[in-house]
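Written below as structure tokens is the structure these notes are about.
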Amino acid sequence: MVAPEDDDDASKTEEPSERKISKAKEEGEVAISQEAKSFIMLLGMLFVVWLLIPLMFKWFYLMSVRFVENAGQMPVDQAEIEVLLRQSGLGLLKIMAIPFTIFIVLGVFASIAQTGFIYAPKKLEPNWNKLNIFAALPNFINMKKIVESLKGIIKISIITFVAILVVKPYLGKVNLLPTMETIAILRFIHKIVVLLLFTVVIAVLIIAVADYAYQKYSHLKKLRMTKQEVKDEYKQMEGDPLIKSRIRQVRMERARHRMMENVPKADVVIVNPTHYAVALEYKMEEMDAPKVTAKGIDNVALRIKALAEEHDVPIVENPPLARALFASTELDQTIPQEHFKAVAEVIGYVMQLKNQQ
Numbered sequence: 001m002v003a004p005e006d007d008d009d010a011s012k013t014e015e016p017s018e019r020k021i022s023k024a025k026e027e028g029e030v031a032i033s034q035e036a037k038s039f040i041m042l043l044g045m046l047f048v049v050w051l052l053i054p055l056m057f058k059w060f061y062l063m064s065v066r067f068v069e070n071a072g073q074m075p076v077d078q079a080e081i082e083v084l085l086r087q088s089g090l091g092l093l094k095i096m097a098i099p100f101t102i103f104i105v106l107g108v109f110a111s112i113a114q115t116g117f118i119y120a121p122k123k124l125e126p127n128w129n130k131l132n133i134f135a136a137l138p139n140f141i142n143m144k145k146i147v148e149s150l151k152g153i154i155k156i157s158i159i160t161f162v163a164i165l166v167v168k169p170y171l172g173k174v175n176l177l178p179t180m181e182t183i184a185i186l187r188f189i190h191k192i193v194v195l196l197l198f199t200v201v202i203a204v205l206i207i208a209v210a211d212y213a214y215q216k217y218s219h220l221k222k223l224r225m226t227k228q229e230v231k232d233e234y235k236q237m238e239g240d241p242l243i244k245s246r247i248r249q250v251r252m253e254r255a256r257h258r259m260m261e262n263v264p265k266a267d268v269v270i271v272n273p274t275h276y277a278v279a280l281e282y283k284m285e286e287m288d289a290p291k292v293t294a295k296g297i298d299n300v301a302l303r304i305k306a307l308a309e310e311h312d313v314p315i316v317e318n319p320p321l322a323r324a325l326f327a328s329t330e331l332d333q334t335i336p337q338e339h340f341k342a343v344a345e346v347i348g349y350v351m352q353l354k355n356q357q
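Reading the sequence shown from the start, the letters are residues 1 to 357 in this note's numbering.
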């Protein structure tokens, strides 16, 4: 028997809209990979072990030598001992503060790198249904839980296998540790730990990439919409003044972009010179009259003029004609008959200049 949720999922065949994805993000529902977090944290751990642990070893070593060499001169006064212990403790805290700070910063970065900055107060609201055992029971047995469990088993298996491969060549040297000096033992252990961490980081990176791709796919699949939901959302967007304004703005930007692409093809640009600009195209064999391919005022006019100069399109200053053509003719329309004579004179002048060149 098919569950109602399965029927609902089967009907969700449409990809989620930007609006639905944005709404889900506002509610704190985003694709995030815990494996990616693990990778970044392990990378930080590798950095700490590789660079900072030797410093800590050195500090402990120097402190030990200091205590041993000056054992006979150590203070016996309680106040002096407290000062000595306080100084030693502060030195240790300073060294330990570095890795702790690194881990905190990396933990925050691991989340922000995947989702960006998100403010989702709804995510912080208590969900009392989670305390209801019977309501939460179906969540204990679902496909997501099964996948997460399998993923955990695979991850542990891979890391264990990698760890065995790395450590195995060094097992023969373990018997020699009792004959080695303390500093040599520490260096040996440090070398193995760094190599082990480096190999695990590479393995977890591969797992993290695969997991992030899966989480992204799973998140978008969860947000899929039915055909009816798409229609309903479109109707809501049509009635939203902000959406309408945004659509108009996008359309105007696209129209302006297409218009600017026509400027290099124009035969002449008639300007005010700074407040109006009208680009005309005229193909004698194909057109009955010149056609307006671009027009604008103020900043748009300056942009048209700059494009014309860039592409060697002739620019003619004729303020009355520029204003008249701007007011009387829409884009991609031929000029009105009353402007034929004035425009013909401009085009004739331009052709004369071309012939002289």
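Don't be surprised by glycine CBs; every beta carbon is placed ideally from N, CA and C.
Quiz prompt | DSSP-derived helix/strand/coil call for residue 305 | solution = On the sequence shown, position 305 is the one that residue 305 refers to. Of the three classes helix, strand and coil, the one that applies to residue 305 here is helix, per DSSP.
Practice problem: Could you spell out where the alpha helix (DSSP H) holding residue 214 opens and where it closes? | Solution: The residue given as residue 214 occupies position 214 in the sequence shown. Counting along the chain, residue 214 sits inside the alpha helix (DSSP H) bounded by residues 182-222.
Exercise. Pick helix, strand or coil for residue 152, following the three-state DSSP scheme.
Key: The count along the sequence shown starts at 1 and reaches residue 152 at position 152. The answer is helix: DSSP assigns residue 152 an H, G or I state.
Exercise. Answer with buried or exposed for residue 89, where buried requires no fewer than 16 other C-beta atoms within 10 angstroms of its C-beta.
Key: Start at 1 with the first residue of the sequence shown, and residue 89 comes out as number 89. With a threshold of 16 other beta carbon atoms within 10 Å, residue 89 falls short and is exposed.
Quiz item: Are the beta-carbon atoms of residue 39 and residue 184 separated by less than 7 Å?
Solution: Sequence index remark: in the sequence shown, residue 39 carries index 39 (1-based). Sequence index remark: in the sequence shown, residue 184 carries index 184 (1-based). If you check the CB distance, residue 39 and residue 184 do not come in under 7 Å.
Quiz item: For the beta strand (DSSP E) that residue 44 lies in, which residues bound it at each end?
Solution: Counting from 1 along the sequence shown, the entry for residue 44 is found at position 44. Looking at the DSSP string, residue 44 is not in any beta strand (DSSP E); the run it does join, the alpha helix (DSSP H), is 34-47.
Quiz item: Can you check whether the CB of residue 216 is closer than 7 Å to the CB of residue 24?
Solution: The residue you call residue 24 lines up with position 24 of the sequence shown. The residue you call residue 216 lines up with position 216 of the sequence shown. Cβ atoms of residue 24 and residue 216: not closer than 7 Å.
Quiz item: Is residue 281 helix, strand or coil by DSSP?
Solution: Residue mapping note: residue 281 aligns to position 281 of the sequence shown, counting from 1. DSSP places residue 281 in strand when its eight states are reduced to three.
Practice problem: Answer yes or no: do residue 276 and residue 246 have a C-beta to C-beta separation smaller than 7 Å? | Solution: Within the sequence shown, the letter at position 276 stands for residue 276. Within the sequence shown, the letter at position 246 stands for residue 246. Residue 246 sits away from residue 276, with the two beta carbons spaced by 7 Å or more.
Self-check item: Between the CA atoms of residue 244 and residue 219 - distance to the nearest angstrom
Solution: For the purposes of this step, residue 219 is taken as the residue at position 219 of the sequence shown. For the purposes of this step, residue 244 is taken as the residue at position 244 of the sequence shown. Cα to Cα, residue 219 sits roughly 29 Å from residue 244.
Quiz prompt | Rounded separation between residue 108 and residue 94 - CA only | solution = Indexing the sequence shown from 1 puts residue 108 at position 108. Indexing the sequence shown from 1 puts residue 94 at position 94. Between the C-alpha atoms of residue 108 and residue 94 there is a straight-line separation of about 22 Å.
Quiz item: What is the rounded straight-line gap between the Cα of residue 7 and the Cα of residue 232?
Solution: Working through the sequence shown from its first residue, we reach residue 7 at position 7. Working through the sequence shown from its first residue, we reach residue 232 at position 232. At residue 7, the pLDDT of 49 sits below 50, so the modelled position is not reliable; the number obtained from the coordinates is stated separately. Approximately 20 Å between the Cα atoms of the pair.
Quiz prompt | Residue from 332, 330, 325 whose Cα sits closest to the Cα of residue 346 | solution = As a working note, residue 346 is residue 346 in the sequence shown. Looking at the Cα atoms, 325 is the closest of the given residues.
Exercise. State the beta-bridge partners of residue 317 as determined by DSSP.
Key: One-based indexing of the sequence shown puts residue 317 at position 317. As computed with DSSP, residue 317 is found in a beta bridge with 271.
Self-check item: Span of the beta strand (DSSP E), counted from its first residue to its last, around residue 292
Solution: Here residue 292 is taken as the residue at index 292 of the sequence shown, counted from 1. Unbroken beta strand (DSSP E) run through residue 292: 291-297.
Exercise. Can you grab the Cα-Cα spacing for the pair residue 152 / residue 200, in whole Å?
Key: Here the question's residue 152 lines up with position 152 in the sequence shown. Here the question's residue 200 lines up with position 200 in the sequence shown. Each residue's CA atom was taken as its position, placing residue 152 and residue 200 some 15 Å apart.
Exercise. Look at the Cβ atom of residue 290, then the Cβ atom of residue 335, and state whether they are nearer than 7 Å.
Key: Walking along the sequence shown from the start, residue 290 turns up at place 290. Walking along the sequence shown from the start, residue 335 turns up at place 335. For residue 290 and residue 335, yes; Cβs fall inside 7 Å.
Self-check item: Per DSSP, the bridge partner or partners of residue 101
Solution: On the sequence shown, position 101 is the one that residue 101 refers to. The partner list for residue 101 (beta bridge, DSSP) is empty, contrary to what the question assumes.
Exercise. Would you decide whether residue 211 is buried or exposed? Buried here means 16 or more other CB atoms lie within 10 Å of its CB.
Key: By 1-based counting over the sequence shown, the position of residue 211 is 211. By the 10 Å Cβ count, residue 211 comes out buried.
Quiz prompt | residue 352 - containing alpha helix (DSSP H), residue span | solution = Here residue 352 refers to the residue found at position 352 of the sequence shown. Under the DSSP assignment, residue 352 falls in the alpha helix (DSSP H) whose first and last residues are 340-356.
Self-check item: Spatially closest choice to residue 12 from 313, 348, 221, 35, by CA coordinates
Solution: Numbered from its first residue, the sequence shown carries residue 12 at position 12. Ranking 313, 348, 221, 35 by Cα distance to residue 12 puts 221 first.
Quiz item: Per DSSP, what kind of secondary structure is residue 14 in: helix, strand or coil?
Solution: To locate residue 14, count along the sequence shown from 1; it is residue 14. In the structure shown, residue 14 sits in a strand (DSSP, three-state: E or B).
Quiz item: For residue 35, which residues of its own chain have a beta-carbon under 6 Å away from its beta-carbon, when the five flanking residues on both sides are left out?
Solution: Taking the first residue of the sequence shown as 1, we reach residue 35 at position 35. The beta carbon of residue 35 sits closer than 6 Å to the beta carbons of 207, 208, 211 from its chain, once the five residues preceding and following it are set aside; these are given in chain order.
Quiz item: Exposed or buried, which one is residue 3 when buried takes at least 16 other CB atoms within 10 Å?
Solution: Counting from 1 along the sequence shown, the entry for residue 3 is found at position 3. Interpretation of residue 3 is limited by its pLDDT of 47, a score under 50 that renders its predicted location unreliable; no figure is taken from the coordinates.
Quiz item: Does the separation of the CB atoms of residue 14 and residue 230 fall below 7 Å?
Solution: Here residue 14 refers to the residue found at position 14 of the sequence shown. Here residue 230 refers to the residue found at position 230 of the sequence shown. Closer than 7 Å, so yes.
Quiz item: Do the stretch 337-354 and the stretch 297-307 make contact, defined as three or more Cβ pairs closer than 8 Å?
Solution: Touching, no, given that fewer than three Cβ pairs across the two stretches are closer than 8 Å.
Exercise. May I have the straight-line CA-CA distance separating residue 358 from residue 305, to the nearest angstrom?
Key: As shown, the chain starts at 1 and ends at 357. That puts residue 358 outside it, with no answer to give.
Practice problem: Give me the Cα-Cα distance between residue 1 and residue 17, rounded to the nearest whole angstrom. | Solution: Within the sequence shown, numbered from 1, the residue matching residue 1 stands at position 1. Within the sequence shown, numbered from 1, the residue matching residue 17 stands at position 17. Note that residue 1 scores 40 on pLDDT, short of 50, meaning its location in the model is unreliable and no value can be drawn from it.
Quiz item: According to DSSP, which residues form a beta bridge with residue 260?
Solution: Here residue 260 refers to the residue found at position 260 of the sequence shown. Under DSSP, residue 260 forms no beta bridge with any residue.
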